[in-house]
Every structure is written in C-alpha cells, then in structure tokens.
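In what follows, a single structure is set out as structure tokens and then discussed.
There are 2 protein chains.
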Amino acid sequence: MLNQSAALDLTFQALADPARRAMLERLSTGSASVSELARPFSMSMPAVLQHLAVLENAGLTLSRKSGRVRTCEINPQALNTAQDWLSARRAEWEHRLDRLEAYLNELQNKDQGNG
Amino acid sequence: MLNQSAALDLTFQALADPARRAMLERLSTGSASVSELARPFSMSMPAVLQHLAVLENAGLTLSRKSGRVRTCEINPQALNTAQDWLSARRAEWEHRLDRLEAYLNELQNKDQGNG
DNA sequence: CATATAGTTAAGTATTGACTTATCTATTTC
DNA sequence: GAAATAGATAAGTCAATACTTAACTATATG
Numbered sequence: 000m001l002n003q004s005a006a007l008d009l010t011f012q013a014l015a016d017p018a019r020r021a022m023l024e025r026l027s028t029g030s031a032s033v034s035e036l037a038r039p040f041s042m043s044m045p046a047v048l049q050h051l052a053v054l055e056n057a058g059l060t061l062s063r064k065s066g067r068v069r070t071c072e073i074n075p076q077a078l079n080t081a082q083d084w085l086s087a088r089r090a091e092w093e094h095r096l097d098r099l100e101a102y103l104n105e106l107q108n109k110d111q112g113n114g
Numbered sequence: 000m001l002n003q004s005a006a007l008d009l010t011f012q013a014l015a016d017p018a019r020r021a022m023l024e025r026l027s028t029g030s031a032s033v034s035e036l037a038r039p040f041s042m043s044m045p046a047v048l049q050h051l052a053v054l055e056n057a058g059l060t061l062s063r064k065s066g067r068v069r070t071c072e073i074n075p076q077a078l079n080t081a082q083d084w085l086s087a088r089r090a091e092w093e094h095r096l097d098r099l100e101a102y103l104n105e106l107q108n109k110d111q112g113n114g
C-alpha cells in the first residue's frame, strides 16, 4: 500500500519520459506484446523492459505472460490519480480567481456609489 | 519554442517531486514569496530556489522581483498541457472499450439468433 | 551607516535514471 | 531435438537530480 504522494511521484515520474508516454499511447489503443511495444524504438530490449517496469510499478499498466509472450495493457484506474491531482489544483486556482473577481466587482460597485 | 513532447517532459518531471507539488498546492491558493514557499520545508534556500526554477522552467509558475522580494504565482495555462494529454489517453482508452463492448454485444446477439 | 533580511550564485557530493552489452532461460517451430 | 523466437537478468557507464555548505549581492530598517 502506497500513500497518495508516493503514488503521484511514481505516476508523474513515469509520465515524464517520451518513450513511456509513447508506449502508453500505443496501449491506449489496445493491448500489446513486449516486442510489439519495442518495435517503434531504436532501443535495446532491456531498455524497453525497464521502461515497462517503471510503468507497471507506477500502476499505469498491467501484464501477464502466456507461453513465451508477455501481453501488456493499460490499467483502467491508472490515470485517475494524476488527473485528480491536476483537477484539484485547477479547481483551487479557479476558485481563487472567482473570489478575486467577486472582490474586484465589489470594489467597482463601491466606486460607482461614490462617483 | 518547445515542441509538445518536450513540454510534457518538463511538466511531468516537475510534477514528479512532492516538494514541487506542495509548492504548487500552496500557489494555487494565491501568490507567495520565495521564503513563504520555503517555510514548510526543512530544506536549504538554494534547494528551494532550484525547485522553483524547475517549476518556472516547465512553465508551471511565473515570478517577478520587486525590491528584495520575489513573488511567485501559478501560470494559468500551465496545467493544460498535462491535463490534455491525460484526457486524450483516457478518451482513446474508453473509445476502445466502447468498441469492445459493441463487439461483445454483437456476438451475443448472434448467439441468441443461433440459440 | 551598521545590521538584518531576502534572495542568488558557485561548487561539490551522493543518488537515481536511462541506457548499453553480454549472457541466460524458457517456449515454439521445423 | 536443433534452431529460432520472446523475454529476463546482470553488470557497468554516463548524465541528470536533489540536495549540501559557503560566500556574495542587493534592499530595508533601527
């Protein structure tokens, strides 16, 4: 069990690499084998495996092996953590802007009363 | 000018650190000086400045100096890049699930026809 | 003007990250 | 069952991160 902050660390860290994002983009269109995921990259297989380990460790993907083929897929709830955090920040920030706007309106009304 | 992928690299990288997220959380409630942002942390001032530089370099924050005080704030459009990417992935992924569902329904209808 | 305050720069260290090559293990397929 | 295929593990390299302390520069304030 991982605390919220550590989960965000892993998630954002995993998303910070273009190769890993590309793998997620591929996976968001359907599951794929390791070699299939590796194909677009000019990168050794161990490098690809490390990227996949980062994704899986962050809970962004799942995989199971059948025969000699490992099939990877996106973990449904995966992006929630990240999206929720971003949404919360934006909500807070917009709330603050609303308050500021209300305050400015109030000031303006007072000015009109005084003018 | 930065390409889309490099911008995402910087953004997610910046978000991957708990101290930087905490600073953004603080800033999403209103602007703050450097020392104000530093206060909650048991971290040297240079370390705080480096975190702030990462945030600003990623376009997540803005700052200006007046007198001897530097005031930092959130950059409005900052979280868009990250949020858009996450939304796109989720959209793709859900679209795929919809297609799968449709396909499974189709299969079921055929089965009923054959039953 | 002396001193405290707010921030900045430089330089060094220790850890983590993103790879590499080489080697090795299972599974298919012919 | 020999050879190709799919993936895994080990170990090492190089650069980037996340800090540190020390020293320095402005701007306020008593």
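Order-wise, the sequence lines are chains A and B.
Just so you know, we're using numbering that gives the first Met the number 0 here: the first sequence kicks off at 0 and counts up by one.
Just so you know, we're using numbering that gives the first Met the number 0 here: the second sequence kicks off at 0 and counts up by one.
Don't be surprised by glycine CBs; every beta carbon is placed ideally from N, CA and C.
Which first and last residues belong to the alpha helix (DSSP H) in which residue i is found?
i: residue 10(A); result: 3 to 14
i: residue 38(B); result: Premise fails: residue 38(B) is in no alpha helix (DSSP H) and is neither H nor E.
Do the CB positions of residue i and residue j come within less than 9 Å of each other?
i: residue 77(B); j: residue 57(B); result: yes
i: residue 7(B); j: residue 15(A); result: yes
i: residue 55(B); j: residue 62(B); result: yes
i: residue 84(B); j: residue 75(A); result: no
Grab me the residues of residue i's own chain with a C-beta within less than 7 Å of its C-beta, minus the 5 sequence neighbours each way, in chain order.
i: residue 40(A); result: 18 and 47
i: residue 114(B); result: Confidence in residue 114(B) is poor, its pLDDT being 37 and thus under 50, which makes the residue's placement too unreliable to answer from.
i: residue 37(B); result: 44 and 47
Taking 8 Å as the limit between beta carbons, can you name the residues of its chain near residue i, skipping five residues before and five after?
i: residue 11(B); result: 81
i: residue 43(B); result: none
Beta strand (DSSP E) containing residue i: first to last residue?
i: residue 69(A); result: 68 to 73
Please go through the same chain and pick out, in chain order, the residues whose beta-carbon is closer than 6 Å to the beta-carbon of residue i, but skip the five residues on each side of it.
i: residue 9(B); result: 57
Could you name the residues that DSSP lists as bridge partners for residue i?
i: residue 61(B); result: 72(B)
i: residue 87(A); result: Residue 87(A) is not bridged to any residue.
i: residue 31(B); result: 71(B)
(message) Count Cβ pairs between the stretch 43 to 59 of chain B and the stretch 18 to 31 of chain B that sit closer than 8 Å; are there 3 or more?
(response) yes
(request) Flag this pair as touching only if the stretch 25 to 44 of chain A and the stretch 82 to 102 of chain B have three or more C-beta atom pairs under 8 Å; answer yes or no. (result) yes
(message) For the stretch 31 to 43 of chain B against the stretch 67 to 74 of chain B, do three or more pairs of beta-carbon atoms, one drawn from each stretch, fall closer than 8 Å, so that the two count as touching?
(response) yes
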